[in-house]
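Worksheet: the structure to be examined is printed underneath.
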Amino acid sequence: MIASLPLPPTHPPAIIESSRSGVSEDAGLICSFLKKPVDGNSIFWGQRKTIQNEMEAIYKEFSYLGWDGHDAVPILRKSIDVAIKLVSLLPDGIARPELAPENDGGISLDWRSSEKNETFSISVDGKNIVFAGVFFDGTRIHGSAPVDGERCNELVETILIKHFS
């Protein structure tokens, strides 16, 4: 079998210089995103459901008066429902929060970064979220906001992306 070879060009090839790789900007962003390691500690593909299941377990375990050995209010169903909605609105790729029952019937979502010495906490009371954070540069922030069901509070989202993703 004889392979056919292309005929030599009758003129020298043009030299084209380009700083572009031939990949669109959007495709490049997708590639860089996919190259990031998938961390089991980030809210990502299926982690939301796991966190929501853990919230349900907290509700079952701490839904009686005095669960803390003192006079803690039972965890409120409304607090769990709002917290589950909040988790569904959190941005992808942020660190997974620690969950804790609160003695006023709420639940907290807490993020800590020991390497950067940063902490951010969101308390859910059944109506609103109350948040507070302390960051590496000495910045302290706190506030409250409703969970409207459409989008995570913009300030909370910005903090989580900047400090915990």
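The sequence shown begins at 5 in my numbering and counts up by one. Think of the CB as a built atom: it goes at the ideal place given N, C-alpha and C, for glycine as much as any other residue.
Residue-level contact to chain D via CB, residue i, 7 Å cutoff
i	result
Lys-64	Absent from the structure: chain D. Only one protein chain is present.
Beta-carbon proximity list for residue i, same chain, < 6 Å, skipping 5 on both sides
i	result
Leu-90	Val-151
Val-138	Thr-123 and Arg-144
Val-134	Ser-127 and Ser-148
Between the CA atoms of residue j and residue i - distance to the nearest angstrom
i	j	result
Thr-96	Trp-71	Per the sequence presented here, residue 96 reads as Asp, with Thr not at that position. Roughly 33 Å between the two C-alpha positions.
Lys-40	Ala-61	Legend: pLDDT at Lys-40 = 43, less than 50; position of this residue unreliable, value from coordinates given subsequently. Using only the alpha carbons, I get a separation of about 31 Å.
Ile-173	Lys-64	Given that the chain is displayed from residue 5 to residue 169, the structure contains no residue 173 and the question cannot be resolved.
Asp-129	Phe-140	28 Å
Arg-52	Pro-101	11 Å
Tyr-68	Ser-118	33 Å
Ile-84	Ile-111	7 Å
Leu-103	Arg-81	15 Å
Arg-116	Ala-136	12 Å
Phe-168	Leu-159	13 Å
Ile-163	Lys-131	21 Å
Three-state secondary structure (DSSP) of residue i
i	result
Asn-157	coil
Glu-122	strand
Val-77	coil
Leu-103	strand
Pro-84	According to the sequence as given, residue 84 is Ile; it is not Pro. If DSSP states are grouped into helix, strand and coil, Ile-84 belongs with the helices.
Val-91	helix
Phe-168	helix
Ile-98	coil
Within 7 Å, strictly: CB atoms of residue i and residue j
i	j	result
Cys-156	Leu-93	yes
Met-59	Ala-99	no
Item to check | Any 3 or more C-beta pairs closer than 8 Å across the stretch 104-114 and the stretch 70-80 | outcome: yes
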